[in-house]
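These notes are about the structure you will find just below.
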Amino acid sequence: MAQAYSPGLTVTENIVLRKERILPLKGKVLVKKGDKVKAEDYVAETLLPGKVVPFNLANKLGVTPNLVKQYLTISEGQKIKKGQIIAQTKGIFGMFKTTVKSPIEGEVENISTITGQLLLREPRIPVQVKAFIDGIVVDVIEEEGVIIENKSAYIQGIFGVGGETTGEIKILVSSPDEVIDKSKIDESCKGKVIVCGSIVDFDTISKAKQIGVHGIITGGIDDRDLKRLLGYDLGVAITGHEDIGLTIVVTEGFGKI
C-alpha cells in the first residue's frame, strides 16, 4: 500500500475563525451584521442564468431566415412553456400550416433574421449559500455574501473529497491508530460526522453512505479505494465538489499512517 504524508497542519482546540460565505454571482444577502446564525441557515441567495438552447426556426418552418419574424407567435424576452406554439405558417387556404412548438420551458433570448435561429434560455437556477458554521455575522458584503465569526476547535486536513457539510461529531474509535470496523456504523451515526481512526476502506465508506452519515474524518485512505469511490483516478486536482454522497477529510495522508 502506497503511503504519503505532509506534516505541519494546524490543530488547535480554541481559535477565532472567520469564514466568508460568498455567492457565485451578485444576489441578495438574507442576514444583517450582528445576526446570530446556525450552520444550516441560508445567508445569501441568487439566480444563475439558465442554459441557452439554440433552435433553427427557419429550418423548422421551411423558410429563409429573413422571413422567420413573419410567422412568430412570441417575441424576444417573452416567457414560454414547453410545447407552446412559437411560430406558424399561414398555409394554403388556411390548410397545410406548419406549426413549431417550443422544445423547452424558459424565455426567448434572441431572434435572428440573419441565421434564422432562435436562442431560447432555460429557467434560471436558484442558488443558496449556507452559513455552514454557527456564529455571528461580523460583516456584510452587499449583494455578495457575509463574513461569519465563531470560536472553534480547528483541525486542518491534508486532503478531502465531497462538498462542505455539517453534523454532530461522533467518535467511533478509542485511539488514533485503531482501524474502524464497519459494524460500528449504525443508525446512531445518521446525520453525523464520524471520526474513524487511522484508515477507512471502501466497504466502511459504503456503509456510512447507506446509513446517511454526513462526513468522515480519518487518518488515511487507500488510493485504490478512493479511485473506486470516485469512479476515476483523481490525480492532481482541486477537490471539494465531488458528488459522492458524503464528505471525507483525511488528516494524515494516503495509506495507514
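Residue numbers (my numbering): 278 to 534.
A virtual CB, placed ideally from N, CA and C, is assigned to each residue, including glycine.
Secondary structure note for N336: it is in no beta strand (DSSP E), and the uninterrupted alpha helix (DSSP H) holding it is 334-338. Runs of the alpha helix (DSSP H) lying entirely within the segment 470-500, each at least 4 residues long, are 479-488 in chain order. Secondary structure at R401: coil, using DSSP grouped into helix, strand and coil. Taken atom to atom, the span from the alpha-carbon of L397 to that of D502 is near 43 Å. As the crow flies, the alpha-carbon of K461 is around 58 Å from that of N387. Bridge partners of N291 according to DSSP: none are assigned. Taking the Cβ atoms as the reference, K467 lies roughly 10 Å from K447, outside the contact range of under 8 Å. Under the Cβ criterion (8 Å, minimum of three pairs), the segment 377-395 counts as touching the segment 316-330.
Around the beta carbon of H518, fewer than 16 other beta carbons sit within 10 angstroms, so the residue counts as exposed. Contact annotation: the segment 352-366 does not touch the segment 311-327, with fewer than three C-beta pairs closer than 8 Å. In terms of Cβ geometry, C473 and L449 form a close pair [threshold 7 Å]. The way I'd put it, the segment 333-353 doesn't touch the segment 413-433; fewer than three beta-carbon pairs between them come closer than 8 Å. When the beta-carbon positions are compared, G412 and E399 stay at least 7 Å from each other.
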